[in-house]
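See below for the structure under consideration.
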Amino acid sequence: MKKFIKKFGDIMKEIPKLRIYRLYENRYTGDDYEYREETNLKGMYFTRAEAEKEKTKLEEQAKREAGNRYDWQSYVHFHIKPEMIEKQGLEYYGERPDNFIPFNAVQAIKDACGTIRELYSSQALSLAYVNLKDQAKKHKHSVMEEVYFIVKGEGSLSIGEDNYRIEQGDTISIPQDTFHFLEAEQGSELEVLVVTHPKYSIEDVILEDKV
Numbered sequence: 000m001k002k003f004i005k006k007f008g009d010i011m012k013e014i015p016k017l018r019i020y021r022l023y024e025n026r027y028t029g030d031d032y033e034y035r036e037e038t039n040l041k042g043m044y045f046t047r048a049e050a051e052k053e054k055t056k057l058e059e060q061a062k063r064e065a066g067n068r069y070d071w072q073s074y075v076h077f078h079i080k081p082e083m084i085e086k087q088g089l090e091y092y093g094e095r096p097d098n099f100i101p102f103n104a105v106q107a108i109k110d111a112c113g114t115i116r117e118l119y120s121s122q123a124l125s126l127a128y129v130n131l132k133d134q135a136k137k138h139k140h141s142v143m144e145e146v147y148f149i150v151k152g153e154g155s156l157s158i159g160e161d162n163y164r165i166e167q168g169d170t171i172s173i174p175q176d177t178f179h180f181l182e183a184e185q186g187s188e189l190e191v192l193v194v195t196h197p198k199y200s201i202e203d204v205i206l207e208d209k210v
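This is the structure:
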């Protein structure tokens, strides 16, 4: 019996552990799980299989609380109370304020520039994150002015009749009422942070083939 207990203990040491509060965090952000080997931390631990079951249960609970809204992750992040975790005797690092925006809580949509996440918007400006694997549609804005910051990747940017090579770290301003489009280099994916002034409006995206 002692040998069995020792062997079982050795096996359990090799299984990645997951703190339950990480499940709550990742429910908000959509990030991958963070598995830890530590055993001297406070809180509950799960084997990976148990954690997967717990994740599913928590997601279903969260969707119900959010009324099955499409943005349930963001809703739960901003409205769920720390007591839900604290009452289980677990650690909590504090509730994030409403102006803290988890990247993966923002729904990605298709746009003339590729896949876009509008991270922030006010009357004065908008901030969006764009992913592009090929070529964007040629378009212009009659009201909005844009600034591109290339976060990752290489490619080209056409503005009017001019074409520019772009790479990580470049910042480019796009004047109003000027046709432009991005193109990722073959085998590369562009990730671009886009600031628009005033706030982004889909009605101000004018495609060349629609003019």
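Per numbering that gives the first Met the number 0, the very first residue in the sequence shown carries number 0; after that it's consecutive. Virtual Cβ for every residue (Gly too), placed ideally from N, Cα, C. Because the structure is a prediction, the values reported are computed rather than measured.
Please determine, among the options, the residue with the shortest C-alpha to C-alpha distance to residue i.
{"i": "Glu-182", "options": "Lys-151, Ile-149, Ser-155", "result": "Ser-155"}
{"i": "Thr-177", "options": "His-140, Leu-189, Gly-168", "result": "His-140"}
{"i": "Gln-185", "options": "Glu-153, Ile-165, Ile-149, Glu-59", "result": "Glu-153"}
{"i": "Asp-203", "options": "Met-143, Ala-123, Asp-110, Ile-108", "result": "Met-143"}
{"i": "Ile-100", "options": "Ala-107, Ile-108, Tyr-119, Ala-111", "result": "Tyr-119"}
{"i": "Asp-169", "options": "Ile-149, Pro-197, Asp-110, Ser-157", "result": "Ile-149"}
{"i": "Lys-198", "options": "Glu-188, Glu-117, Ser-187, Ile-165", "result": "Glu-117"}
{"i": "Leu-188", "options": "Glu-59, Ile-165, Asn-103, Glu-145", "result": "Looking at the sequence provided, one finds Glu at residue 188 rather than Leu. The residue with the shortest Cα to Cα distance from Glu-188 is Ile-165."}
{"i": "Gln-175", "options": "Asn-103, Glu-145, Asp-208, Lys-62", "result": "Glu-145"}
{"i": "Asp-208", "options": "Ala-123, Lys-136, Arg-63", "result": "Lys-136"}
If you measure between the beta carbons of residue i and residue j, is that distance less than 7 Å?
{"i": "Ser-121", "j": "Thr-195", "result": "no"}
{"i": "Lys-151", "j": "Gln-167", "result": "yes"}
{"i": "Leu-131", "j": "Gly-159", "result": "no"}
{"i": "Val-191", "j": "Tyr-147", "result": "yes"}
{"i": "Ile-205", "j": "His-138", "result": "yes"}
{"i": "His-179", "j": "Ile-171", "result": "no"}
{"i": "Val-129", "j": "Ile-108", "result": "no"}
{"i": "Ala-111", "j": "Val-193", "result": "no"}
Hey, quick one: how far does the beta strand (DSSP E) through residue i stretch, first residue to last?
{"i": "Glu-190", "result": "189-196"}
{"i": "Phe-180", "result": "179-183"}
{"i": "Ile-108", "result": "108-110"}
{"i": "Ala-127", "result": "125-131"}
{"i": "Tyr-199", "result": "From DSSP, Tyr-199 is part of no beta strand (DSSP E); its letter is neither H nor E."}
{"i": "Glu-115", "result": "Residue 115 is actually Ile in this sequence, not Glu. Where Ile-115 is concerned, the enclosing beta strand (DSSP E) stretches over 113-120."}
Identify every residue that forms a DSSP beta bridge with residue i.
{"i": "Ile-173", "result": "Glu-145"}
{"i": "His-138", "result": "His-179, Leu-206"}
{"i": "Arg-164", "result": "Ser-155"}
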